[in-house]
Amino acid sequence: MFTNSPTQSITLWDKQIFVKRDDLLDTHFSGNKARKFYHFLVNDFPHIKYIVGSGSAQANSLYSLSVLAKMNGWQLDYYVSHISEQVKSQYTSSTASQTNYAKSLENGANVLAIDWQRQQFSDCEHLDDAIEVLKPQYIERYGDKVLFVPEGGRCEFAKTGLKQLAAEVLEWSKATKQNDVVVFLPSGTGTTAVYLNQQLALLNASNDIKVQVATCCTVGDESYLTAQFSQLVDDVHLHPIILNDGKKYHFGKLYLPLYQLWQEVQQSTGVEFDLLYDPIGLSVLKHHLNNPIFADKTVLYLHQGGLIGNHSMLKRYQRKLAKTNVRKVERG
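Using this note's numbering, read the sequence shown as starting at -6 and increasing by one per residue.
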């Protein structure tokens, strides 16, 4: 099973940046999902027959969990807030095999949209609340044969893979004599960032290397991300630094400046980044690159993987660009 991903040196905005290429870990398990689900790949769960997850119908975690379930002979029920007609159409399109949703269905996953009109969900505000409502039904029916994986892999199981990642970062830092390192990555639930920072502190107890984790929000705001950190790690001294570029982003929404930045980085470095998380991460990194947090330090950017999802994101951006160009012509 995969362990160490390569680290590549690139030059961005006149500064050397190292990229931890977690997109190259494995065809089916890459990026932060590979790290968070690593526990399930290296441990046996002989009693488990069913797995219940939740998130977006286009999420990388959906595809990764579907592969995990198929490998182990488990049935995956994956709950989403809704499934758009556009996403549903992916399954019947000629390019279906290139999307997370379609690939997951091919792997046998049940992707189920919550019926928010049902009485049992009347008090639910979020998808997590709906899962809590459904849990007793699964436990009553399947007992200890069912495994619940929170949205984005936000659970204790994620520690196993993040400990492995922390060890790789420290090993690389020592081997290349990088003594003051900032590991930077964009965060959704913040699981990868906070557990990585915690495990780096535990493994680097002697402080041989100065290493810290910095991150930015792609979901919610800084207060949301801080709350997510606290749910997983009580000690606030082990929480990552949260940065922003002065802009507010809505998860999954298309932003043409971010797309243009993504294109710029790919053209100048030859590295394809994820289109959902990485553009925000790269924008925040660019904004702060000459500030004290990064100045005179080694920057290690953690690639988010999940490139399978780029196909559907590119289609969305192409449609948005086409509409934008039409409006420009009409105004002209």
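Just so it is clear, CB atoms sit at the ideal spot from N, CA and C, and this is done for glycine as well. Remember, predicted model here, so these are calculated numbers, not experimental data.
Collapsed DSSP secondary structure at residue 207 in the structure displayed: The DSSP-derived three-state label of residue 207 is strand.
Residues near residue 209 by beta carbon distance below 7 Å, same chain, minus five either side: Closer than 7 Å at Cβ, skipping near neighbours: 179, 180, 235, 236, 237, 273, 274 and 277.
Cβ distance (whole Å) where residue 96 is taken to contact residue 71 below 8 Å: Not confirmed; about 12 Å, so no contact.
Strand pairing of residue -3, partner residues [DSSP]: BP columns for residue -3 are empty, so no partner.
Inter-residue CB distance, residue 17 and residue 2 (contact presumed, cutoff 8 Å): With 8 Å as the limit, residue 17 and residue 2 do not qualify as a contact, their Cβ atoms being about 15 Å apart.
Boundaries of the alpha helix (DSSP H) in which residue 175 is found, first to last residue: Residue range 173 to 180 is occupied by the beta strand (DSSP E) that includes residue 175, with no alpha helix (DSSP H) assigned at that position.
Selected residue, minimal CA-CA separation from residue 119, among 104, 144, 254 and 65: For the options 104, 144, 254 and 65, the alpha carbon positioned closest to that of residue 119 is the one of 144.
Close beta carbons around residue 186, own chain, < 7 Å, minus the five adjacent residues each side: Contacts found: 178, 180, 206, 208 and 233.
Same chain, Cβ closer than 8 Å to residue 307, neighbours up to 5 away in sequence not counted: 268, listed in sequence order.
Member of 192, 154 and 125 whose CA lies at the smallest distance from the CA of residue 36: Taking only the C-alpha atoms, the option nearest residue 36 is 154.
Identified DSSP bridge partners for residue 46: In the DSSP output, where bridge partners are listed per residue, residue 46 has 71.
Proximity below 8 Å, CB of residue 241 to CB of residue 6: Cβ distance not < 8 Å, so residue 241 and residue 6 don't count as in contact.
Of the listed residues 316, 298 and 94, nearest to residue 79 (C-alpha basis): Of the candidates 316, 298 and 94, the one whose C-alpha sits nearest the C-alpha of residue 79 is 94.
Beta carbon of residue 296 nearer than 8 Å to that of residue 13: The answer is yes: Cβ separation under 8 Å.
Residue from 48, 60, 38 and 51 with nearest C-alpha to residue 19: Among 48, 60, 38 and 51, the Cα nearest to that of residue 19 is on 60.
Three or more C-beta pairs below 8 Å linking the stretch 247 to 257 and the stretch 43 to 52: No, the stretch 247 to 257 is not in contact with the stretch 43 to 52.
Beta-bridge partners of residue 9, as assigned by DSSP: BP columns for residue 9 point to 4.
Extent of the continuous alpha helix (DSSP H) to which residue 262 belongs: Looking at the DSSP string, the run of the alpha helix (DSSP H) that includes residue 262 is 249 to 262.
Through-space distance from residue 67 to residue 249, alpha-carbon basis: Cα to Cα, residue 249 sits roughly 40 Å from residue 67.
Sequence-distant residues of its chain with Cβ nearer than 6 Å to residue 69 (five each side left out): For residue 69, where only same-chain residues beyond five positions count, the Cβ hits under 6 Å are 44, 58, 59, 62 and 102.
Cross-strand partners of residue 106 (DSSP beta bridge): DSSP lists 73 as partners of residue 106.
Length of the line joining the Cα atoms of residue 313 and residue 245: One Cα belongs to residue 313, the other to residue 245, and the distance between them is close to 13 Å.
Cross-strand partners of residue 235 (DSSP beta bridge): The secondary-structure analysis by DSSP pairs residue 235 across a beta bridge with 208.
Residue 166 to residue 174 span [Cα, whole Å]: Rounded to whole angstroms, the gap between the alpha carbons of residue 166 and residue 174 is 8 Å.
Reference residue 190; option with closest CA among 217, 99 and 151: Comparing alpha carbon positions, the residue from 217, 99 and 151 closest to residue 190 is 151.
Which of helix, strand or coil DSSP assigns to residue 315: In this structure, residue 315 counts as helix in the three-state DSSP scheme.
Selected residue, minimal CA-CA separation from residue 11, among 169, 303, 219 and 252: Check the Cα spacing between residue 11 and each of 169, 303, 219 and 252: the tightest is with 169.
As assigned by DSSP and simplified to three states, the class of residue 30: In this structure, residue 30 counts as coil in the three-state DSSP scheme.
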